[in-house]
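Undergrad: First the structure, which I've put down as C-alpha cells, then a few questions once you've had a look.
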C-alpha cells in the first residue's frame, strides 16, 4: 500500500509540476511562432492532464484505504465520500480534482489556446498540492505561512522542471538561436534557484527544528540528503551550460544530453520528495 502511494504521489507531482512549468516558460523562451513545438506541447499537455486526473483519483482512493485500514475501503463509495467530505486532505483534494477535470475539459474546447486560462487553472492545481502532506502539520497562522512557503517552493520547482522539459523539446528542432534561448532560461533560472533554496531551507527548519536534520544517514534525513545531492548536480549542470552559452551552437549534441540529464535529475529529486511526504520529519525537542 505504501509503495503504491509513493508511486502515485510521484506520478501526480511530476505531471502537475511539468505542465505548469512548460506553459509558464513557453512565452519566456520562444518569442517567435514555433508551430512544431506548440503542437508537441499541446499533445503532451493533454496526456499530462489526463494522467494527473487518473493519478489524483488513485491517490484519493489509496488515502481512503490507508485511513480505513482496508484495501476494500477504496472501492466503498460511502467510505470515499466520508474521507473527501470530513478530512482536511479530502476537502483540499475535492477542489484539486475539480480543477484537474476543468483543465482537462478546457483542452478540448475552442479556448484551449488561451494562455491565461491554462496558466490560471494549472497554477491553482499546483497550489492545491501545497496543503497535502507536511504542509498541513501546523495550525493557525504558522500553518498558513508554511503552506504559502510550500506554494512558492513548488512554483520554483515546477518552473525549473517544466522549463527544462520545454528546452528538451526546443533542442530537438530549434527555431531560434539556442544561445538566445539559453540566456532567457538562465536569466529566470537565478531567481528560481534562489527561491527554491530559501523556501526549501525554511521547510526543513520548520518541520524538523534544525537547518538540517540528524542523524544524517537515516530515515527522513537520508532521503533529504539524496534530494539535496540531486539538486546540487542539477545546479552543476546548469552552471556548466551557462558558462558555455557562447559556443552552444557548436556543441548541440552535448547540450542536448546535458539538458536531458539535468531534467532526469530533477525527476529523481521529485521522486525523493514523494517518499519524504510519507515519512515523519525528525523534529528536535
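Residue numbers (the UniProt record's numbering): 1 to 285.
Ideal placement from N, C-alpha and C gives every residue a C-beta, glycine not left out.
1) Would you report the Cα separation of residue 274 and residue 13, rounded to the nearest angstrom?
2) Considering only their Cβ atoms, is the gap separating residue 49 from residue 124 smaller than 7 Å?
3) Alpha helix (DSSP H) containing residue 64: first to last residue?
4) Are the beta-carbon atoms of residue 119 and residue 112 separated by less than 7 Å?
5) Going residue by residue through the stretch 79 to 136, where are the continuous alpha helix (DSSP H) segments of at least 4 residues, counting only ones entirely within it?
6) Classify residue 268 as helix, strand or coil using the three-state DSSP reduction.
7) According to DSSP, is residue 274 part of a helix, a strand, or is it coil?
8) If we call anything under 7 Å between Cβ atoms a contact, is residue 51 one with residue 15?
9) Could you tell me the boundaries of the alpha helix (DSSP H) in which residue 170 lies?
10) Who are the near neighbours of residue 80 in its chain, counting only those whose CB is closer than 6 Å to its CB and skipping five residues on each side?
11) Going by alpha carbons, who is nearest to residue 55 out of 9, 190, 24 and 85?
12) Is residue 245 helix, strand or coil when you go by DSSP?
13) Between the C-alpha atoms of residue 190 and residue 69, what's the straight-line distance to the nearest angstrom?
14) Please list the terminal residues of the continuous alpha helix (DSSP H) segment that includes residue 75.
15) On the DSSP letters alone, give me the boundaries of the alpha helix (DSSP H) that residue 29 sits inside.
16) Beta-carbon within less than 6 Å of residue 131's beta-carbon, same chain only, minus the 5 sequence neighbours each way: which residues are those?
17) Can you find the residues in the same chain that come closer than 7 Å, C-beta to C-beta, to residue 242, ignoring five residues on each side of it along the sequence?
18) Rounded to a whole number of angstroms, what is the C-alpha to C-alpha distance between residue 284 and residue 224?
19) How many Å lie between residue 210 and residue 197 at the Cα?
20) Out of curiosity, what's the CA-to-CA distance linking residue 160 and residue 150?
21) Just curious, the alpha helix (DSSP H) that residue 175 is in, first and last residue?
22) Buried or exposed: which applies to residue 31, given that a residue is buried once 16 or more other Cβ atoms fall within 10 Å of its Cβ?
23) To the nearest angstrom, how far is it from the Cα of residue 194 to the Cα of residue 269?
24) Check residue 256 in the structure and name its three-state DSSP category.
25) What would DSSP say about residue 251, mapped onto helix, strand or coil?
26) Return helix, strand or coil for residue 263, following the three-state DSSP convention.
27) Within 10 angstroms of the Cβ of residue 42, are there 16 or more other Cβ atoms? Answer buried if so, exposed if not.
28) Hey, out of 45, 263, 88 and 40, whose CA is closest to residue 60's CA?
29) Where residue 272 and residue 230 are concerned, what is the direct C-alpha to C-alpha distance, given to the nearest angstrom?
30) Taking the C-alpha atoms as reference points, what is the distance between residue 245 and residue 128?
TA: From the atom records:
1) 8 Å
2) no
3) 35 to 68
4) no
5) 88 to 106 and 115 to 127
6) helix
7) helix
8) yes
9) 140 to 172
10) 64
11) 9
12) coil
13) 45 Å
14) From DSSP, residue 75 is part of no alpha helix (DSSP H); its letter is neither H nor E.
15) 2 to 29
16) 92 and 147
17) 186
18) Residue placement at residue 284 cannot be trusted, given a pLDDT of 48 that sits under 50; what the coordinates show is reported in the next sentence. Taking the straight line from one Cα to the other gives about 16 Å.
19) 15 Å
20) 15 Å
21) Note, residue 175: premise wrong, no alpha helix (DSSP H); not H, not E.
22) exposed
23) 17 Å
24) helix
25) coil
26) helix
27) exposed
28) 88
29) 9 Å
30) 37 Å
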